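In our numbering, the protein residues as written are 20 to 151. In this text, a Cβ means the ideal position worked out from N, Cα and C, and glycines have one as well. From a predicted model like this one, the values you see are computed outputs, not experimental measurements. Below is one structure; the comments refer to it alone.
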């Protein structure tokens, strides 16, 4: 994978993880029942980004974990903040647990990409130092 492609994937993955964090914030808003129409609209946007970017990431890299079906299940199990706010605490905890497993798996993949990024940077540094 080229240096530029790795850099782009790292940026893309970091943005994707920010959307995952926002998803969790909306779970917390549902739990506390503090949300309005604007929150619902933004939540839908976040879910759209998560779904679309998922396809781009899976097309760019081989991903064994998390599984696409698990990710889509978490997203589809949360149709709206209002819906989530009406769920039992046990249901919310289950969804949050699934979210957390996926979040950690994405963090691991990001770490692997950053290793590749550093290795590519070192190769470039060394080839530049010894090039005449």
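Asked, Found
"Round the Cβ separation of residue 42 and residue 99 to the nearest angstrom and send it over; I've been treating them as touching at under 8 angstroms.", "Not confirmed; about 13 angstroms, so no contact."
"Measure the alpha-carbon distance for residue 138 versus residue 55 and round it to whole angstroms.", "46 angstroms"
"Measure the CB-CB distance between residue 103 and residue 97 and report whether it falls below 8 angstroms.", "yes"
"Taking the alpha carbon of residue 75 as the point to measure from, which residue in 141, 134, 27, 136 has its own alpha carbon closest?", "27"
"For residue 123, count neighbouring C-beta atoms within 10 Å of its own C-beta (all shown protein chains included) and say buried if the count is 16 or more, exposed if not.", "exposed"
"Check for me: the alpha helix (DSSP H) holding residue 79 runs from which residue to which?", "56-79"
"What does a CB cutoff of less than 7 angstroms around residue 146 pick up in its chain, not counting 5 residues either side in sequence?", "With a pLDDT of only 48 at residue 146, under 50, the local geometry of the prediction cannot be trusted, and the value read off the model is given with reservation. So no residue of the chain qualifies."
"Taking 8 angstroms as the threshold (C-beta atoms), are residue 136 and residue 25 in contact?", "yes"
"In terms of residues, what are the limits of the alpha helix (DSSP H) holding residue 47?", "22-51"
"So for residue 86, helix, strand or coil by DSSP?", "coil"
"Cα separation between residue 118 and residue 40?", "9 angstroms"
"Could you check which residue in 46, 34, 35 has the C-alpha nearest to that of residue 111?", "46"
"Where residue 72 and residue 113 are concerned, what is the direct C-alpha to C-alpha distance, given to the nearest angstrom?", "24 angstroms"
"Determine the burial state of residue 32: buried for a count of at least 16 other Cβ atoms within 10 Å of its Cβ, exposed for fewer.", "buried"
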